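Undergrad: Protein chains in written order, with my numbering: chain X, 1 to 203; chain F, 204 to 406.
Take a look at this one; I'll ask things after.
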DNA sequence: TCAGTCACATACCCCGAGTATGTTCCCGAC
DNA sequence: GTCGGGAACATACTCGGGGTATGTGACTGA
């Protein structure tokens, strides 16, 4: 009976996945605002009732999607940071991983293009505090611990650095695929320069 | 008769101004999405018909408001930049002017918080290309001409620098007024560091 | 076998942007 | 002086989409 029960569970999980996949596709292609819940339901071969059975609202659906995508990517970036011998190198490794993720179709579009529009700035930042923003602040602390940058109080530096990441991600999103490698290289420059400039004021 | 005609013109201009003022107030306080056109019309003591007589749509109303606010502020920032003897000092002067403007109630909220949500990223960037973004690229060119930073091709640096401005502005918006002076000082640091880092790689 | 609940489908409500159509006032022409 | 017409709105309506309330069949557990 556990089998039958799990069978049923599998079926409902399948529609949930189909809804999430359809939402991911349509939100990245048409954008969050221009895709109705009926569109998502139709793409997943169900109706709007299924959506509201599995998710709380349109933004609720988006948040689940956001968490999925962002958690996966954040793990990779954090691993890249941790794998490096030096925190400064780790930051660049995590940055490269981030820029690479933004070159893929869904991640950047959902997390840095649609999320602010869908959730609003405050909710977006609250959601990001578990992921990119947390990783960023951790990296800044590690850099300060290693004496590579001065220790900063306040939220200005992490906020502005986060804004840099968002701008880089959005730039990559609207860059045609064949130019993305070059743009990724160009994007590294301001971050390297900022690091250099911060470390030079350590003394 | 020119007098009477202008009298009529004054009246219609008055309602147009009342609509723009009401929209500015409500959009900054409640946000663009959470204020209906009926709210704006009621606040201006007219009806929705007046709005669609003077403006093309809700986003059209917002764009006119955006242009008004942004043109005024952009002139000040550009003047601050031009007044300085050195382009590097000019950049900091323009930055200070910008941070000050974001500390006032309407400018930052409309231009950097509501505009992306109201217009979408693409339309927002198109609107900004006449103002902050243009000033920013002009300043980067001036810095390169003066040999203070290397000459960069590509759009990565201006895009990311623009992202920094947006993040700083948004941070100031959500900072309580009594803390804003301190936060402004904190915000200058990453820009100074970026400039220093860029100039150190000039050689 | 039957009550109950899960996993949806169907039908409906409501708000708000946009539109279509009045209505009033002024103005210039005859 | 009046009369056609257009400017400056007001009023009444449509329509799309998020959200809700209710129906329904299938499965499950007692």
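Note that the Cβ used here is the ideal one computed from N, Cα and C, for glycine as well.
Note that the structure is predicted; figures quoted are calculated from it, not measured.
#1: Under 8 angstroms: do the region 306-323 of chain F and the region 135-149 of chain X share three or more Cβ pairs, one atom per stretch?
#2: Is there a C-beta anywhere in chain F that falls below 8 angstroms from the one on residue 203/X?
#3: Residue 278/F: which of 230/F, 399/F, 338/F, 234/F sits nearest, CA to CA?
#4: Where residue 188/X and residue 403/F are concerned, what is the direct C-alpha to C-alpha distance, given to the nearest angstrom?
#5: Could you pull out every unbroken alpha helix (DSSP H) segment of at least 4 residues lying fully inside the region 277-322 of chain F, listed in chain order?
#6: Let me confirm a value: residue 17/X is counted as buried when at least 16 other C-beta atoms fall within 10 Å, else exposed. Which label applies?
#7: Roughly how many angstroms separate the alpha carbons of residue 198/X and residue 87/X, rounded to a whole number?
#8: Does the beta-carbon distance from residue 235/F to residue 258/F come in below 8 angstroms?
#9: Is the shortest distance between the beta-carbon of residue 407/F and the beta-carbons of chain X less than 8 angstroms?
#10: Where do the ends of the alpha helix (DSSP H) carrying residue 254/F lie?
#11: Among the candidates 253/F, 250/F, 307/F, 249/F, whose CA atom is the shortest distance from the CA of residue 381/F?
#12: Using alpha carbons as the reference points, say which of 312/F, 385/F, 294/F lies closest to residue 157/X.
#13: Are the beta-carbon atoms of residue 357/F and residue 186/X separated by less than 8 angstroms?
#14: Out of 195/X, 13/X, 69/X, which one is the CA nearest neighbour of residue 151/X?
#15: In three-state terms, what does DSSP make of residue 349/F?
#16: To the nearest angstrom, report how far apart residue 406/F and residue 364/F are at their CA atoms.
#17: When the cut-off is 8 angstroms and only beta carbons count, does residue 300/F lie next to chain X?
#18: State yes or no: is the C-beta of residue 215/F within less than 8 angstroms of the C-beta of residue 247/F?
#19: Can you tell me the Cα-Cα spacing of residue 293/F and residue 281/F, whole angstroms?
#20: Under 8 angstroms between the Cβ atoms of residue 173/X and residue 80/X?
#21: Near residue 97/X, what residues of its chain come up, given a Cβ to Cβ distance below 7 angstroms and the 5 sequence neighbours on each side ignored?
#22: Compute the Euclidean distance between the alpha carbons of residue 241/F and residue 141/X, then round it to the nearest angstrom.
TA: Taking the structure as given:
#1: no
#2: Residue placement at residue 203/X is flagged as unreliable, the pLDDT there being 45, under the threshold of 50; the coordinate-derived value follows with that caveat. No, residue 203/X does not count as interfacial toward chain F.
#3: 338/F
#4: C-alpha separation (whole angstroms): 16 angstroms.
#5: 290-306, 308-311, 318-322
#6: exposed
#7: 14 angstroms
#8: no
#9: For residue 407/F there is no data in the structure shown, the boundaries of chain F being 204 and 406.
#10: 251-257
#11: 307/F
#12: Of all alpha-carbon atoms in 312/F, 385/F, 294/F, the one lying nearest the alpha-carbon of residue 157/X is that of 385/F.
#13: yes
#14: 195/X
#15: coil
#16: Low per-residue confidence applies at residue 406/F: pLDDT is 46, beneath 50, and the placement is therefore not dependable, though the value from the model is reported in the following sentence. Approximately 22 angstroms between the Cα atoms of the pair.
#17: no
#18: no
#19: 9 angstroms
#20: no
#21: 76, 77, 80
#22: 49 angstroms
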